[in-house]
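Quick notes on the structure that follows.
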Amino acid sequence: MKKIILLVSFLFIQVSFSQTNEPLNDIQKKIYDNKEVQVNAEFQDGEKKFNEYVVMALKKEKHKDYPKTVLASFIVGIDGSLEDVEIVSGGRKNASKEIKKIIENSPKWLPAEHEGYRVRARVSVSLNFQE
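In the working numbering, the protein residues as written are 5 to 135.
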């Protein structure tokens, strides 16, 4: 009986916490360009480290079709996750697919902030694969 009471209590607490998410306000609903926010979205250790992360991950995949530079664009979400990843230019078809997958699986970023709120921001990065 005690186990059932504990289980019901646990489920009640879980449901209570999951419903406390506040809806996004008008500032948070918009997708900003990273240049128009007060605090830019950025990779935790900076753009140089993000470039190193992508280059090393691509080399681990032993991809033979290395581009010299690639321009990528994506949205950094309020929680720092990446979405809507696009390879804008520079990558060949197979390499672009692999680079896109690597970017999608990257560690979370520090989200952009605007008017005191975390917001979604579109980021463009130039990745350099020259050694």
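Cβ coordinates follow ideal geometry from the N, Cα and C atoms, glycine included. Note that the coordinates shown come from a computational prediction; the quantities given were computed from them, not determined experimentally.
Assigned secondary structure, residue i (DSSP; H/G/I helix, E/B strand, else coil)
{"i": "E90", "result": "strand"}
{"i": "S100", "result": "helix"}
{"i": "L75", "result": "strand"}
{"i": "D37", "result": "strand"}
{"i": "F16", "result": "For F16, the pLDDT reaches just 47, beneath the cut-off of 50, and the residue's location in the model is therefore unreliable, although a value from the coordinates is still provided. In the structure shown, F16 sits in a helix (DSSP, three-state: H, G or I)."}
{"i": "Y1", "result": "Only positions 5 to 135 of the chain appear in this structure, which leaves residue 1 out of reach."}
{"i": "A116", "result": "strand"}
{"i": "E56", "result": "helix"}
{"i": "E46", "result": "strand"}
Residue i to residue j span [Cα, whole Å]
{"i": "V127", "j": "K52", "result": "14 Å"}
{"i": "V123", "j": "P27", "result": "13 Å"}
{"i": "N55", "j": "S85", "result": "17 Å"}
{"i": "I106", "j": "K63", "result": "11 Å"}
{"i": "E117", "j": "N29", "result": "13 Å"}
{"i": "V92", "j": "Y57", "result": "19 Å"}
{"i": "L131", "j": "K34", "result": "27 Å"}
{"i": "W113", "j": "V74", "result": "19 Å"}
{"i": "I82", "j": "G94", "result": "28 Å"}
{"i": "K101", "j": "E90", "result": "10 Å"}
{"i": "Q23", "j": "N44", "result": "Residue placement at Q23 is flagged as unreliable, the pLDDT there being 43, under the threshold of 50; the coordinate-derived value follows with that caveat. The straight-line gap from Cα to Cα measures roughly 30 Å."}
{"i": "Q32", "j": "K72", "result": "36 Å"}
{"i": "K70", "j": "M60", "result": "The sequence given here has Tyr at residue 70, not Lys. Cα-Cα distance, rounded: 12 Å."}
{"i": "D37", "j": "P111", "result": "21 Å"}
{"i": "Y121", "j": "E87", "result": "19 Å"}
{"i": "I103", "j": "V41", "result": "27 Å"}
{"i": "V80", "j": "N98", "result": "24 Å"}
{"i": "F133", "j": "Q48", "result": "20 Å"}
DSSP bridge partner residues for residue i (one or two, in chain order)
{"i": "E51", "result": "Bridge partners of E51: none, in fact."}
{"i": "S130", "result": "L75"}
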